[in-house]
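Note sheet for the following structure.
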Amino acid sequence: MLSYCVMHCPKSHTLIFFLTLIILPCTIFALSGSWQLLQRNVGISAMHMQLLSNDRVIMFDRTNFGPSNLSLPPNNCRHNPQDEYLPVDCTAHSAEYNTLTNSIRPLSIITDTWCSSGAVLSNGQLLQTGGYKDGERVVRTFQPNCSTDDCDWEEIPNVLLQHRWYASDHILPDGSVIILGGRRVFNYEFFPKTPSTSTLTPFPFLREVNDRGVENNLYPFMFLNIDGNLFVFDNNRAVLFNYKTNEVVRTYPTVPGGDPRNYPSTGSAVLLPLKKLETGDRVEAEAEAEAEAEVLICGGARRGAYEEAIRGQFLPALNSCARMKINDPNPTWSMETMPMPRTMGDMVVLPNGDVLIINGAQSGSAGWELGRDPALNPIIYHPDNVVGSRFEVTNPSTIPRMYHSCAILLRDGRVLVGGSNPHQFYNFTNVLFPTDLRLEAFLPPYMDPTLSSLRPNISSVGSSTEIKYGKILKVKFTIEGVVNLASIKVTMVRPSFNTHSFSMNQRLLVLTNTTAVKQSSQGRFQLKVKTPESSNIAPPGYYMLFVVHQNVPSHGIWVQIM
Numbered sequence: 055m056l057s058y059c060v061m062h063c064p065k066s067h068t069l070i071f072f073l074t075l076i077i078l079p080c081t082i083f084a085l086s087g088s089w090q091l092l093q094r095n096v097g098i099s100a101m102h103m104q105l106l107s108n109d110r111v112i113m114f115d116r117t118n119f120g121p122s123n124l125s126l127p128p129n130n131c132r133h134n135p136q137d138e139y140l141p142v143d144c145t146a147h148s149a150e151y152n153t154l155t156n157s158i159r160p161l162s163i164i165t166d167t168w169c170s171s172g173a174v175l176s177n178g179q180l181l182q183t184g185g186y187k188d189g190e191r192v193v194r195t196f197q198p199n200c201s202t203d204d205c206d207w208e209e210i211p212n213v214l215l216q217h218r219w220y221a222s223d224h225i226l227p228d229g230s231v232i233i234l235g236g237r238r239v240f241n242y243e244f245f246p247k248t249p250s251t252s253t254l255t256p257f258p259f260l261r262e263v264n265d266r267g268v269e270n271n272l273y274p275f276m277f278l279n280i281d282g283n284l285f286v287f288d289n290n291r292a293v294l295f296n297y298k299t300n301e302v303v304r305t306y307p308t309v310p311g312g313d314p315r316n317y318p319s320t321g322s323a324v325l326l327p328l329k330k331l332e333t334g335d336r337v338e339a340e341a342e343a344e345a346e347a348e349v350l351i352c353g354g355a356r357r358g359a360y361e362e363a364i365r366g367q368f369l370p371a372l373n374s375c376a377r378m379k380i381n382d383p384n385p386t387w388s389m390e391t392m393p394m395p396r397t398m399g400d401m402v403v404l405p406n407g408d409v410l411i412i413n414g415a416q417s418g419s420a421g422w423e424l425g426r427d428p429a430l431n432p433i434i435y436h437p438d439n440v441v442g443s444r445f446e447v448t449n450p451s452t453i454p455r456m457y458h459s460c461a462i463l464l465r466d467g468r469v470l471v472g473g474s475n476p477h478q479f480y481n482f483t484n485v486l487f488p489t490d491l492r493l494e495a496f497l498p499p500y501m502d503p504t505l506s507s508l509r510p511n512i513s514s515v516g517s518s519t520e521i522k523y524g525k526i527l528k529v530k531f532t533i534e535g536v537v538n539l540a541s542i543k544v545t546m547v548r549p550s551f552n553t554h555s556f557s558m559n560q561r562l563l564v565l566t567n568t569t570a571v572k573q574s575s576q577g578r579f580q581l582k583v584k585t586p587e588s589s590n591i592a593p594p595g596y597y598m599l600f601v602v603h604q605n606v607p608s609h610g611i612w613v614q615i616m
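Using our numbering, the first residue of the sequence shown is number 55, and each one after it goes up by one.
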């Protein structure tokens, strides 16, 4: 294994490998990737983030901790007698960030969105659910495609049947959203409400994994499996769940070591890229069964770390990742070791199928002022590499991103990073980690200028950006440099709702394709791909479509699958 690690890294880093061999024998210390400071003061701390199909990012914090640094328009103050700190508030607690113009617009939220959840509906509308106290049963919507440029939140009280604080949302194959769990809530419900979905359904698994009164089962990790069931992970255990019949259809092994991974331990999790296998003329159900679905869970705080941090002792975070093929006949967790420990980290699936692990702390726990030792170096996980050579350490940020920080993928391939408010209020001085209102972007190694000649440029996708299931799609693109046709692939990424180190609804699909055909001497190419077979594979809605060449993705374009 030593020869593999040294052979696949720059010669200038060989000495680093020998120096770190005993501890990190196969970590790639390429120290690539770069950072951009986008905004020095966006006015709010981005506790929640969602990219919409108009290339705007909606971000918001909580409302019950006093004024922010972003003013609302005149005569638009927030009046809420239930707010214990500021019943009349003329500052914003939500903002719209325009990724194309690098500009901020304040938005209005009345009820408290603290530690809430969300998803984007199939029509592109943002659904945001729950929060704290006066916001715990509220549903809020944001329409990105209104006729003017002054779209704002619409708040609908008492839609939710149960208070939802620290719950998780997931879009379903029929376009509805399941809202699961929350603090001391062991059931689920759906949106929109219909005669058949207007009741609460118990989910005993959430109560079973509640960890000795310390709630390591908040913000459960939830992914739609390719068979239409839900994979739900909480604390250190997982089940495959049929939400239609309220049945657990499969119970998975406990993660080795038994340490908790959900809030306040706060690891992170992703569904690894879904790769459809060649299916020929097989029926849809058989085709879905031949795709692989793998879950990767990384980091977290070890058992007892939350209680120890409250007492002033900050234990090292977990440095392990657990990976499992959830549809195997006998699924087991495969354990890997990260180059550094991390809790409160965010995991972002990149357009080329790699996974970025970013933000967080190396010791302590989630919670007010309970994290220490910022994890400044992002790590890239290469899922297709052999075991032992999957982790790549990249260039660090200079900004600690601790409790209540966020990271999401943008259409141009950058990762937007914001937030960090590890205090009960906006504390900018006299604290170890001040509240941070800066917004920055991490540029993964594939955005290095030396790779620009390899980058595809999409010129068209079929005749419309509205696509259907199981159809052939013609993707036309150009590449300036030398082309390796065999390396080209097309991916679709669903933008996620990110909060508290979990990106809800995050999903990347690798489309089945034929070999690209060169159409002219000017580097023009055409590739035929097959769109996802069903909404079990790709729930309806907006996705970013990318062409990837030699691991370098194009800028994405928006498509809507219905």
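Every residue gets a Cβ at the ideal spot worked out from N, C-alpha and C, and that includes glycine.
Contact check between the segment 415 to 433 and the segment 364 to 378: three or more CB pairs, one atom from each, fall below 8 Å, which counts as touching. Annotated three-state conformation of Glu361 is helix, per DSSP. DSSP places Ser507 within a helical segment (H, G or I) once states are collapsed to three.
Inter-residue distance for Thr519 and Lys187 is about 41 Å (C-alpha atoms, whole angstroms).
Note that the C-beta distance between Ile533 and Gly577 is below 7 Å. Straight across, the Cα-Cα distance linking Gly407 with Asn177 is about 26 Å. Non-local C-beta neighbours of Asn567 in its own chain, meaning closer than 7 Å and more than five positions away in sequence, comprise Lys543, Val544, Leu581, Lys582 and Val583, ordered along the chain. Under the Cβ criterion (8 Å, minimum of three pairs), the segment 283 to 294 does not count as touching the segment 360 to 367.
Distance from the Cα of Leu105 is smallest, within the candidate group Gly524, Phe487, Arg465 and Leu497, for Arg465. Contact check for Glu243 against Leu254 passes: the beta carbons are separated by less than 7 Å.
Just so you know, the alpha carbons of Phe114 and His102 end up roughly 5 Å apart. For Arg261, the enclosing alpha helix (DSSP H) begins and ends at Pro258 to Glu262. Checking the DSSP bridge columns, you'll see Gln478 has no partner listed. Rounded to the nearest whole angstrom, the C-alpha separation of Gly524 and Leu565 is 11 Å. According to DSSP, residue pairing for Cys200 in a beta bridge does not occur.
Closest in C-alpha terms to Arg116, from the list Asn241, Glu301, His477 and Ala292, comes His477.
The continuous stretches of beta strand (DSSP E) do not include Cys205, and DSSP gives it neither H nor E.
When beta bridges are read from the DSSP output, Lys379 appears opposite Glu348.
Rounded to whole angstroms, the gap between the alpha carbons of Pro586 and Ala592 is 6 Å. Assignment of Pro310 by DSSP, reduced to helix, strand and coil, places it in the coil class. Using a Cβ distance threshold of 7 Å, Thr489 and Ser99 count as a contacting pair. Per DSSP, reduced to three states, the secondary structure at Gly189 is helical. Boundaries of the beta strand (DSSP E) harbouring Lys582: Arg578 to Lys584, taken from the DSSP string. Around the beta carbon of Met616, fewer than 16 other beta carbons lie within 10 angstroms, which makes this residue exposed.
Counting every other CB atom within 10 Å of its CB across the protein chains shown gives Ser514 a total below 16, marking it as exposed. Around the beta carbon of Ala415, 16 or more other beta carbons lie within 10 angstroms, which makes this residue buried.
Nearest neighbour of Thr299 by Cα position, chosen from Phe277, Phe257, Gly312 and Leu278, turns out to be Phe257. Excluding its 5 nearest sequence neighbours in each direction, Gly236 has C-beta neighbours in its own chain below 6 Å: Arg218, Trp219, Tyr220 and Ala221, listed in chain order. Here Lys330 is buried. Its C-beta has 16 or more other C-beta atoms within 10 Å. Under the three-state reduction of DSSP output, Leu105 falls in the strand class.
Ranked by Cα distance from Val613, the options Ala461, Pro198 and Val547 are led by Val547.
Bridge pairing for Met113: Met103 and Ala149 [DSSP]. As computed with DSSP, Asp288 is found in a beta bridge with Arg291. In this model, Arg315 and Pro327 are separated by some 21 Å (Cα to Cα). CA-to-CA, the gap between Leu226 and Val485 works out to about 43 Å. When Cβ pairs closer than 8 Å are counted between the two stretches, the segment 395 to 406 is seen not to touch the segment 291 to 311, the count staying below three.
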